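Numbering (this note's numbering), first residue to last: 3 to 441.
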Amino acid sequence: MKKYVALLLMVVMSFGLFAGCASQAPATEAPAAETEAPAAEVEETEEVVTIEYWQYFYETKVNLLDEVIAEFEAANPGIKVDHKHFPYDNYQQKLAASIATGKGPNIINLYYGWVPKYVQSGVLQELPAALATEVDSEFAPMVSVNKIEDKYYTIPIAVRTSALFYNLDILEANGYTEADVPQDLDTLVEMAEKMTIWDGDELIQEGMTWQPTGQYHSWLRPVLMTQFGGSPLSADKKTAQWNSPEGLEAFEFFMGLTQDKKIGVTDFYTDDVNAFMSGKAAFHIDGSYRLGTLRKKAEDLNWGVAKLPAHNDIQTSFGSFWTNGITAQTTGKELEASEKFLAYLTSEDVMKRWTNEIGEIGARKSFTEDEELLADAALRPFIEQLPTAISYFYVDESADRQALLDAIDQVMLNGMDPKEALDQANATVQMMLDEYWAQ
3 MKKYVALLLM
13 VVMSFGLFAG
23 CASQAPATEA
33 PAAETEAPAA
43 EVEETEEVVT
53 IEYWQYFYET
63 KVNLLDEVIA
73 EFEAANPGIK
83 VDHKHFPYDN
93 YQQKLAASIA
103 TGKGPNIINL
113 YYGWVPKYVQ
123 SGVLQELPAA
133 LATEVDSEFA
143 PMVSVNKIED
153 KYYTIPIAVR
163 TSALFYNLDI
173 LEANGYTEAD
183 VPQDLDTLVE
193 MAEKMTIWDG
203 DELIQEGMTW
213 QPTGQYHSWL
223 RPVLMTQFGG
233 SPLSADKKTA
243 QWNSPEGLEA
253 FEFFMGLTQD
263 KKIGVTDFYT
273 DDVNAFMSGK
283 AAFHIDGSYR
293 LGTLRKKAED
303 LNWGVAKLPA
313 HNDIQTSFGS
323 FWTNGITAQT
333 TGKELEASEK
343 FLAYLTSEDV
353 MKRWTNEIGE
363 IGARKSFTED
373 EELLADAALR
383 PFIEQLPTAI
393 SYFYVDESAD
403 RQALLDAIDQ
413 VMLNGMDPKE
423 ALDQANATVQ
433 MMLDEYWAQ
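Next comes the structure, spelled out in structure tokens:
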């Protein structure tokens, strides 16, 4: 116990995983002070088993989960679920400290990119066979990224894909209609160039946002690298292939959007999201969780959503998700109760409510055929991309992302040759992979 907790603490403190994943977390609601949500009361006419479920604080998720817990407890009077939530920025530190006592939570909610480290640290136990089988057969393909050495340790409620947001007013001002929204990369670049406005050295309007620290690093890796004919990692997830000829071509295309085409720059209007919401960008790439923000805070913006543009006849999207795992210290009746709650939490009914109320898409394949959800024009492109969306395997999400950002900075700020910069980043990632799999 002490060994794996020490490793987890080292990971959390050394790499700052939460800072690294800020772009992945929903940004529409600020973390609140540490609170503890009460679970429904249960008559103690029989022995009651209490389990703890932990997640970071996000108001709509907390509220919906409280409702789900109350329903579960009513149907299972012998089980009480103690729901605890913490500010996003120190959630992992809270986890590590609690697990170190040997009395930590039974179920924890994690960003998928953190799972390999938690598995390596011994914090998680394998999913029960019934749930693991469901994940393999009934969940969106992207979820298999967390299948480590043929084993699943977590199961998600919902997933997210990325898509192309567009400003219809800017399109129409340039002679385009909604029917002209690009379906391929070449058309995207052509239209974005036409809609970019510069006044000398001052950018007035972006043809497309360009923010590597936002969602664009995950558009480059793995989406563009895949569309240009490569793969950022080998099939066994043990070899970095960023600097393959195809990976380099994708990297040079991405850098060319700002260096040569000049259709967007980093930090314009503070960041890419603000630039688009302020009506200062024609196109913007972002995740399905951005829908709620736009609907609540950009009521005057005339916008729409389309699938990510294809290239070389490859249409794909970046998939990400938050996922639930049972801690290794959970045994006996608490384990039985935890498995039962996880099964309820990841049922199709709960997933449907999660999609409607949170904006993330239910993780089961069946949601690709849900006509009620598909009727939402903004949500539809995200759902339609579920079968082809791919997730990237992170050994260390924060360090992996930083390696790519460093390569971009080397080219942008220091004039380094793109191949040399990508070679350095690839070597960094390979070292992390080697260390991870060796352990």
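The beta carbon of each residue, even a glycine, is placed where N, CA and C say it ideally should be.
On a predicted model such as this, the values are computed, not experimentally measured, just so you know.
Would you check if the distance between the CB atom of tryptophan 212 and the CB atom of isoleucine 172 is smaller than 9 Å?
-> No; because the gap between Cβ atoms is not below 9 Å, this pair is not in contact.
Contact under 9 Å by Cβ, valine 225 with leucine 296 | At the C-beta level, valine 225 and leucine 296 stay beyond 9 Å of one another.
Glycine 249 versus lysine 82 - alpha carbon distance | Going by the C-alpha atoms only, they are around 50 Å apart.
With a cut-off of 9 Å, does the C-beta of alanine 252 fall near any C-beta of chain C?
-> Protein chain content of the structure displayed is limited to a single chain, and chain C is not contained in it.
Nearest neighbour of leucine 166, chosen from Trp439, Ser290 and Leu347 [CA to CA] = Out of Trp439, Ser290 and Leu347, the CA that lies nearest to the CA of leucine 166 is found in Ser290.
For tyrosine 168, which of helix, strand or coil comes out of DSSP?
-> Tyrosine 168 falls in the strand class under three-state DSSP.
Ranges of the beta strand (DSSP E) found wholly within the segment 80-104, counting only runs of at least 3 | Listed in chain order, the complete beta strand (DSSP E) runs (minimum 3 residues) inside the segment 80-104 are 81-88.
Alpha-carbon spacing of threonine 318 relative to glutamate 54, whole angstroms = Glutamate 54 has its alpha-carbon roughly 37 Å from the corresponding atom of threonine 318.
Check whether glycine 475 and alanine 405 have beta carbons under 9 Å apart = As shown, the chain starts at 3 and ends at 441. That puts residue 475 outside it, with no answer to give.
Burial state of leucine 415, where buried means 16 or more other Cβ atoms lie within 10 Å | Residue burial is scored here from C-beta neighbours: leucine 415 has fewer than 16 other C-beta atoms within 10 angstroms and is therefore classed as exposed.
Roughly how many angstroms lie between the CA atoms of proline 40 and proline 107, to the nearest whole one?
-> Model confidence at proline 40 stands at a pLDDT of 45, short of 50, so the residue's coordinates are unreliable and nothing is read from them.
Whole-angstrom distance between glutamate 422 and lysine 299, CA atom to CA atom | Spanning the two alpha carbons is a distance of roughly 42 Å.
Whole-number beta carbon distance between alanine 365 and methionine 353, since they are thought to touch under 8 Å | Yes, methionine 353 and alanine 365 are in contact; Cβ-Cβ is about 6 Å, under 8 Å.
Tell me whether the beta-carbon of threonine 198 lies closer than 9 Å to the beta-carbon of leucine 190.
-> Cβ atoms of threonine 198 and leucine 190: not closer than 9 Å.
For threonine 156, the residue or residues it bridges with in DSSP | Note: threonine 156 sits in a beta bridge opposite Gly327.
Proximity winner among Leu376, Gly232, Asp351 and Val431, relative to valine 307 (alpha-carbon distances) | The candidate whose alpha carbon is nearest that of valine 307 is Leu376.
Paired residues, beta bridge with aspartate 262 - DSSP | For aspartate 262, which the question treats as bridged, DSSP gives no partner whatsoever.
Could you name each continuous beta strand (DSSP E) segment of 3 residues or more that falls completely within the segment 364-420, going from the start of the chain to the end?
-> The qualifying runs do not exist here; there are none.
Shortest alpha-carbon distance to serine 220 belongs to which of Tyr93, Pro383, Gly321 and Ala379?
-> Proximity to serine 220 across Tyr93, Pro383, Gly321 and Ala379 peaks at Gly321, based on C-alpha coordinates.
Might you give, ordered along the chain, the residues of its own chain that have their beta carbon closer than 7 Å to the beta carbon of valine 70, omitting 5 neighbours on each side?
-> Apart from sequence neighbours up to five positions away, the residues of its chain that approach valine 70 with a beta-carbon distance below 7 Å are Leu347 and Val352, ordered along the chain.
Limits of the beta strand (DSSP E) - the one that phenylalanine 285 falls within = Membership of phenylalanine 285 in the beta strand (DSSP E) is indicated by the continuous run 283-289.
Excluding the 5 residues preceding and the 5 following phenylalanine 384 in the sequence, name in chain order all residues of the same chain whose CB lies nearer than 7 Å to its CB.
-> Around phenylalanine 384: Thr163, Ala165, Ser290 and Ile363.
Just grab the DSSP bridge partners of asparagine 111 for me.
-> Answer is Asn326.
Tyrosine 55 - DSSP class collapsed to helix/strand/coil = Collapsing the DSSP output to three states places tyrosine 55 in a strand.
Reduced DSSP secondary structure (H/G/I, E/B, other) of tryptophan 116 | Tryptophan 116: helix per DSSP, three-state reduction.
How about methionine 144 and isoleucine 316: do their beta carbons lie closer than 9 Å?
-> No.
Best match in Thr268, Gln185 and Trp305 for proximity to glycine 281 [C-alpha to C-alpha] = When only C-alpha atoms are compared, the closest one is Trp305.
Best match in Leu388, Thr332 and Ser139 for proximity to valine 51 [C-alpha to C-alpha] = For the residues Leu388, Thr332 and Ser139, the minimum Cα distance to valine 51 belongs to Thr332.
Glycine 80 beta carbon less than 9 Å from that of alanine 339 | The Cβ atoms of alanine 339 and glycine 80 lie closer than 9 Å to each other.
Work out the CA separation of aspartate 188 and glutamine 387 for me, nearest whole Å.
-> C-alpha separation (whole angstroms): 20 Å.
If we count the other Cβ atoms within 10 Å of its Cβ and call it buried at 16 or more, is alanine 142 buried or exposed?
-> With at least 16 other beta carbons inside 10 angstroms of its own, alanine 142 counts as buried.
Delimiting residues of the beta strand (DSSP E) encompassing aspartate 201 = Here the beta strand (DSSP E) through aspartate 201 covers 199-201.
Going by other Cβ atoms of all chains shown within 10 Å of its Cβ, with 16 needed for buried, is glutamine 207 buried or exposed?
-> Buried, since its Cβ has 16 or more Cβ neighbours within 10 Å.
Answer yes or no: do glycine 216 and valine 275 have a C-beta to C-beta separation smaller than 9 Å?
-> Against a cut-off of 9 Å, the Cβ pair of valine 275 and glycine 216 comes out as a contact.
Collapsed DSSP secondary structure at valine 275 in the structure displayed = Of the three classes helix, strand and coil, the one that applies to valine 275 here is helix, per DSSP.
In terms of residue numbering, what span does the beta strand (DSSP E) encompassing methionine 210 cover?
-> Per DSSP, methionine 210 belongs to the beta strand (DSSP E) from 204-210.
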